[in-house]
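Notes follow once the structure below has been shown.
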Amino acid sequence: MSTTAQTLDIGVLKRLKIRCISETGWFDNATVFGDIIKAGGAESDQYRIPWPPFGALHADNAAGFSTLLEAETTDGVIRRLLFDTGWNPAWMDRRFTEEGIDELLRQGQIEALIISHEHFDHFWGIGSTLRHCPDLTIYVPEGFHPAGFTHIQQQGHTGRVITVASDQPLILFPGLALTSFPMHTLLQVDGENVLYAHLQDQGLAMVTGCGHGGVLNLLDYARRTFTGGERIHAIYGGLHIAPLEDWDESREQLVKTLSRYGIAKVACNHCTGRTAVEKMQALGLPVVHGTARHGSQTTLFLGNGDSLELG
Ligand SMILES: [Fe+2]
Ligand SMILES: [Fe+2]
Numbered sequence: 001m002s003t004t005a006q007t008l009d010i011g012v013l014k015r016l017k018i019r020c021i022s023e024t025g026w027f028d029n030a031t032v033f034g035d036i037i038k039a040g041g042a043e044s045d046q047y048r049i050p051w052p053p054f055g056a057l058h059a060d061n062a063a064g065f066s067t068l069l070e071a072e073t074t075d076g077v078i079r080r081l082l083f084d085t086g087w088n089p090a091w092m093d094r095r096f097t098e099e100g101i102d103e104l105l106r107q108g109q110i111e112a113l114i115i116s117h118e119h120f121d122h123f124w125g126i127g128s129t130l131r132h133c134p135d136l137t138i139y140v141p142e143g144f145h146p147a148g149f150t151h152i153q154q155q156g157h158t159g160r161v162i163t164v165a166s167d168q169p170l171i172l173f174p175g176l177a178l179t180s181f182p183m184h185t186l187l188q189v190d191g192e193n194v195l196y197a198h199l200q201d202q203g204l205a206m207v208t209g210c211g212h213g214g215v216l217n218l219l220d221y222a223r224r225t226f227t228g229g230e231r232i233h234a235i236y237g238g239l240h241i242a243p244l245e246d247w248d249e250s251r252e253q254l255v256k257t258l259s260r261y262g263i264a265k266v267a268c269n270h271c272t273g274r275t276a277v278e279k280m281q282a283l284g285l286p287v288v289h290g291t292a293r294h295g296s297q298t299t300l301f302l303g304n305g306d307s308l309e310l311g
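The letter at position 8 of the sequence shown is residue 8 when you use the working numbering, and the numbering goes up by one with no holes.
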């Protein structure tokens, strides 16, 4: 927990299980991006689009991103966190029931909710979480907008909301740190929280919602910031490389560079894009595959109901 030789020692975890509750932000790209274009394009205010839960527009297409982290500390204590809370309340209610998240929340076995960023597919379904545990502590990134805080209040929240200051890693418990990165992206969203775990004898694991800050930037930050960062053991989550399945030379170079980081387990999904994951596989990256259940459409990457076990 001390800073030595310019790196931050966050401690270590014995084990980390990352369970994908839902990586499907939505089911059809054309529908969701058609709605964004109709709403005024990429720079419009996301809260003005009448998607669930604010409006019924294309409710059948809305799903959401949410992940359960179950960590075991070196003294054998299990600590659970929910990382994002998805979008469509009907979809999140279903997935939470299927994975027993509702019960864990009711029993107080999930200690906090981390919102990676304010995008609709990661955050708007917060009512599905709070109805089981209204006083849950919530972490949001710096840059969160007033409309987001209002939404949290309107969904009946009674607990603490902690804004993570940019570039000031917060050690949630030994072996797990949360960093807020400044960024500005699609639909006026600012700031993204990224999790870094240090696994005993294995190295670092990075967990992202969308990775809008750029996967290489987020990994380079870990390398220079955290003790043990020279060894990136695993990555999980959305990497926003080719969410629309478009491909170009800069994406090709990005994936080639990523292949030289020596990562042992690459469990990217969500907005990474199928094309990007296929390229990773072709370059020999150790892509973790899934089972294509519960709405996930491919076995190419880790999907809904699949887990990544580290440690
Ligand atoms: Fe997303
Ligand atoms: Fe996003």
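We put the CB at the ideal spot given by N, CA and C, even for glycine. All of these numbers come straight from a predicted model, not from anything done at the bench.
First through last residue of the alpha helix (DSSP H) which encompasses residue i
i, result
"histidine 122", "120–123"
"proline 89", "89–99"
"alanine 147", "146–154"
"isoleucine 77", "The sequence as given places valine at residue 77; isoleucine does not occur at that position. First-last for valine 77: undefined, no H or E at that position."
"threonine 257", "249–258"
"glutamate 70", "No alpha helix (DSSP H) contains glutamate 70, which is instead part of the beta strand (DSSP E) from 66–73."
"valine 277", "274–282"
Beta-carbon gap between residue i and residue j smaller than 8 Å
i, j, result
"threonine 158", "aspartate 135", "yes"
"valine 161", "valine 194", "no"
"glycine 86", "alanine 63", "yes"
"aspartate 102", "histidine 132", "yes"
"glutamate 111", "glycine 305", "no"
"glycine 127", "proline 89", "yes"
"methionine 92", "serine 116", "no"
"lysine 14", "glycine 311", "yes"
"valine 12", "leucine 308", "no"
"isoleucine 10", "phenylalanine 226", "yes"
Option in the options with minimal Cα separation from residue i
i, options, result
"leucine 186", "Asp201, His212 and Ala276", "His212"
"glutamine 107", "Arg260, Gly156, Thr129 and Met92", "Thr129"
"leucine 178", "Met206, Lys14 and Ile110", "Met206"
"threonine 312", "Asp246, Cys268 and Gly295", "Nothing about residue 312 can be reported from this structure: the residues present for the chain run from 1 to 311 only."
"isoleucine 241", "Tyr261, Ile263, Ile232 and Asn269", "Asn269"
"arginine 231", "Tyr261, Glu249, Leu172 and Asp248", "Tyr261"
"isoleucine 114", "Glu142, Leu105 and Asp84", "Asp84"
"leucine 82", "Leu172, Pro50, Lys38 and Pro146", "Leu172"
"valine 277", "Asn29, Gly295 and Glu252", "Glu252"
"leucine 283", "Ile263, Leu104 and Lys38", "Ile263"
"proline 182", "Phe120, Thr7 and Phe144", "Phe144"
"phenylalanine 120", "Ile49, Val287 and Leu8", "Ile49"
Whole-angstrom distance between residue j and residue i, CA atom to CA atom
i, j, result
"glutamate 72", "glycine 125", "28 Å"
"threonine 3", "arginine 80", "Residue confidence for threonine 3 is low, a pLDDT of 44 falling below 50, so the modelled location carries little weight and cannot support an answer."
"phenylalanine 301", "leucine 219", "20 Å"
"lysine 265", "leucine 176", "18 Å"
"leucine 285", "glycine 156", "43 Å"
"leucine 254", "tyrosine 236", "17 Å"
"isoleucine 36", "proline 53", "16 Å"
"aspartate 201", "threonine 272", "28 Å"
"proline 174", "leucine 57", "43 Å"
"alanine 234", "glutamine 154", "37 Å"
"threonine 298", "methionine 280", "15 Å"
"valine 189", "phenylalanine 27", "21 Å"
"leucine 16", "glutamate 70", "6 Å"
"cysteine 210", "leucine 244", "13 Å"
"methionine 214", "arginine 94", "It should be noted that the sequence gives glycine, not methionine, for residue 214. Distance between the alpha carbons of glycine 214 and arginine 94: 31 Å."
"glutamine 46", "asparagine 61", "16 Å"
"methionine 1", "leucine 204", "Caution is warranted here: a pLDDT of 48 is assigned to methionine 1, below 50, making its placement in the model unreliable, and the coordinate value is therefore given only provisionally. So the alpha carbons of these two residues sit roughly 15 Å apart."
"threonine 31", "glycine 41", "13 Å"
Range of the contiguous beta strand (DSSP E) that encloses residue i
i, result
"glycine 228", "That residue, glycine 228, is in no beta strand (DSSP E); it is neither H nor E in DSSP."
"asparagine 29", "Asparagine 29 -> not in any beta strand (DSSP E); alpha helix (DSSP H) instead, spanning 29–38."
"isoleucine 171", "170–173"
"glycine 203", "203–208"
"alanine 112", "112–114"
"leucine 130", "Counting along the chain, leucine 130 falls outside any beta strand (DSSP E), though it belongs to the alpha helix (DSSP H) covering 126–130."
"phenylalanine 181", "176–185"
"tyrosine 196", "189–199"
- Three or more C-beta pairs closer than 8 Å, one from the stretch 163–181 and one from the stretch 21–33: is that the case here? No contact exists between the stretch 163–181 and the stretch 21–33.
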